[in-house]
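Residue numbers (the UniProt record's numbering): 2 to 331.
No residue lacks a Cβ here, since even glycine has one placed at the ideal position from N, Cα and C.
For clarity, every value in this text was computed on a predicted model and none was experimentally measured.
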Amino acid sequence: TGELSAQVAPAELGYEGALRPATLAEFVGQEKVREQMGLLLGAAQIEGRTPDHILLAGPPGLGKTTLSMIVAAELGVPIQQTSGPAIQHAGDLAAVLSSLVPGEVLFIDEIHRMARSAEEMLYLAMEDFKVDIMVGKGAGATSVPLELSPFTLVGATTRAGLLPNPLRDRFGFTAHLEYYANAELEGVLRRAAGLLDFPLEQAGIAEIAGRSRGTPRIANRLLRRVRDYTLVHNTAPDAESVNAALSLYDVDEHGLDRLDREVLRIIVDRFAGGPVGLSTLAASVGEEAETIEAVVEPFLMRAGLIARSPRGRIATSLGWSHLGRTPPPM
Ligand code: ADP
Numbered sequence: 002t003g004e005l006s007a008q009v010a011p012a013e014l015g016y017e018g019a020l021r022p023a024t025l026a027e028f029v030g031q032e033k034v035r036e037q038m039g040l041l042l043g044a045a046q047i048e049g050r051t052p053d054h055i056l057l058a059g060p061p062g063l064g065k066t067t068l069s070m071i072v073a074a075e076l077g078v079p080i081q082q083t084s085g086p087a088i089q090h091a092g093d094l095a096a097v098l099s100s101l102v103p104g105e106v107l108f109i110d111e112i113h114r115m116a117r118s119a120e121e122m123l124y125l126a127m128e129d130f131k132v133d134i135m136v137g138k139g140a141g142a143t144s145v146p147l148e149l150s151p152f153t154l155v156g157a158t159t160r161a162g163l164l165p166n167p168l169r170d171r172f173g174f175t176a177h178l179e180y181y182a183n184a185e186l187e188g189v190l191r192r193a194a195g196l197l198d199f200p201l202e203q204a205g206i207a208e209i210a211g212r213s214r215g216t217p218r219i220a221n222r223l224l225r226r227v228r229d230y231t232l233v234h235n236t237a238p239d240a241e242s243v244n245a246a247l248s249l250y251d252v253d254e255h256g257l258d259r260l261d262r263e264v265l266r267i268i269v270d271r272f273a274g275g276p277v278g279l280s281t282l283a284a285s286v287g288e289e290a291e292t293i294e295a296v297v298e299p300f301l302m303r304a305g306l307i308a309r310s311p312r313g314r315i316a317t318s319l320g321w322s323h324l325g326r327t328p329p330p331m
C-alpha cells in the first residue's frame with residue numbers, strides 16, 4: 002500500500018509514538034467519546050473497581066490505540082497490547098490473560114480477527130475474570146478453572162458489526178469514533194507542529210487538514226512530509242510548501258491518494274461506473290478486500306464519489322467528474 006495510506010509502516014512507529022496524546026485532556030476532538038469515557042473511568046475510580054470493558058469502533062488512524070493507552074494512563078495501571086491475528090488458539094489468549102496484574106488494561110486490536118475458540122474463552126474471562134484451561138487430550142482431558150486478576154479489556158475493531166453478538170454484548174461501553182472535522186484536524190496538526198518545533202502557518206495547517214480525509218494519522222504523516230520538504234528545499238513553512246509537497250506525494254485536493262483514485266478509476270473505466278462487487282474490486286486493484294472495505298470505501302462514500310447499491314459499488318456523477326469524465330445520463 003502507498004506511503005500515505007492509513008496503515009503504519011514500522012519506520013513511522015516512533016514518530017507516531019512521539020505525537021500520541023497521553024491524557025484525555027490532550028486528545029483532540031471526539032468531544033462526545035471523551036466525555037463518555039471520562040465518566041466511565043471517573044466512576045470506576047471513585048468506586049475503586051475496574052471500569053466496564055470498552056469497545057472502540059472506527060476506521061484506522063482515528064485514535065483507538067491512543068485511547069487504549071489513555072485509559073491505562075488515566076487509571077494509573079499498566080497495559081498489555083496484542084491483536085486478534087496474534088491469537089490463533091485459545092491457549093494464546095490463556096497465556097496473555099493469566100499474565101495480567103490486577104487492574105491491568107488488555108488492549109486487543111482487530112479483535113474481530115481472533116480465533117473462534119479464543120472468543121469463547123474471552124466471554125467467561127470478561128464476565129467472571131475466570132478461564133477454563135483444558136488439560137490433557139482425548140478422553141482423559143479435563144478442564145481446570147483458573148482465577149484471573151480483574152482487568153479492563155479494551156477491544157478495537159474497524160466495525161462493531163464484525164463482532165459476534167455475544168462478544169459485543171459483553172462490552173459495557175462502545176465508543177464509535179467518527180472521522181474528524183477539519184477544525185479538529187487543525188487542532189491535531191497545531192499540536193503536532195508544536196511538538197515537532199515546526200512553525201507552519203495557519204493557511205498551511207488548514208490546507209493539510211482538508212486533505213487528511215478526516216484522519217489524524219494521515220494528518221500527522223502529511224505534516225511530516227511537508228516538514229521534510231521545507232527542510233530539503235529550504236522553503237518557508239507556508240501553504241505554498243504544503244501544496245508543492247503534497248502534489249509530489251500524489252495527494253490530491255480532496256485527500257485522495259493513489260489507491261483511492263485507482264479504485265474509483267476501475268469502477269468508472271473498467272466497469273462503466275458499476276455496480277462492482279467488493280471482491281472483484283479488491284482483485285482488480287490487488288488489495289485485500291478488508292482494506293478496500295475499511296479504508297478506501299468509507300472515505301470515497303463520505304466524499305460522495307461512490308455509493309453502495311444492492312449489487313455492488315457504483316460511481317456517482319461526482320465520482321465521474323472527479324476523474325474529469327462526463328457521467329452517463331442516469
Ligand atoms: P488507530 O489505533 O485508531 O489506528 P492511533 O491511535 O494509532 O489510531 O492514532 C494514529 C495517530 O494519530 C497517532 O500518532 C496519534 O498520535 C494520532 N491521533 C489519533 N487521534 C488523535 C487525537 N484525537 N488527537 C491527537 N492525535 C491523535
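Whole-angstrom C-beta distance between residue j and residue i, which should lie under 8 Å
i	j	result
residue 132	residue 98	6 Å
residue 197	residue 228	6 Å
residue 85	residue 111	4 Å
residue 69	residue 157	7 Å
residue 274	residue 315	6 Å
residue 152	residue 51	7 Å
residue 321	residue 328	4 Å
residue 293	residue 283	5 Å
residue 269	residue 326	6 Å
Beta-carbon proximity of residue i to residue j, cut-off 8 Å
i	j	result
residue 211	residue 238	no
residue 168	residue 224	no
residue 173	residue 253	no
residue 149	residue 116	no
residue 34	residue 176	yes
residue 178	residue 65	yes
residue 60	residue 159	yes
residue 213	residue 220	yes
residue 230	residue 240	no
residue 120	residue 171	no
residue 79	residue 73	yes
residue 75	residue 42	yes
Outcome for residue i when other beta-carbon atoms lying within 10 angstroms are tallied against a minimum of 16
i	result
residue 19	exposed
residue 307	buried
residue 103	exposed
residue 145	exposed
residue 47	exposed
residue 62	buried
residue 217	buried
residue 90	exposed
residue 22	buried
residue 317	buried
residue 309	exposed
residue 271	exposed
For residue i, three-class secondary structure by DSSP
i	result
residue 110	strand
residue 328	coil
residue 163	helix
residue 135	strand
residue 300	helix
residue 291	helix
residue 260	helix
residue 217	helix
residue 200	coil
residue 100	coil
residue 37	helix
residue 149	coil
residue 63	coil
residue 1	This structure leaves residue 1 out entirely; the chain is present only between 2 and 331.
8 Å Cβ cutoff, residue i in contact with chain C
i	result
residue 255	Considering every chain present, this structure includes no chain C. It has just one protein chain.
The segment 252–267 / the segment 295–310 touching (three or more Cβ pairs under 8 Å): yes
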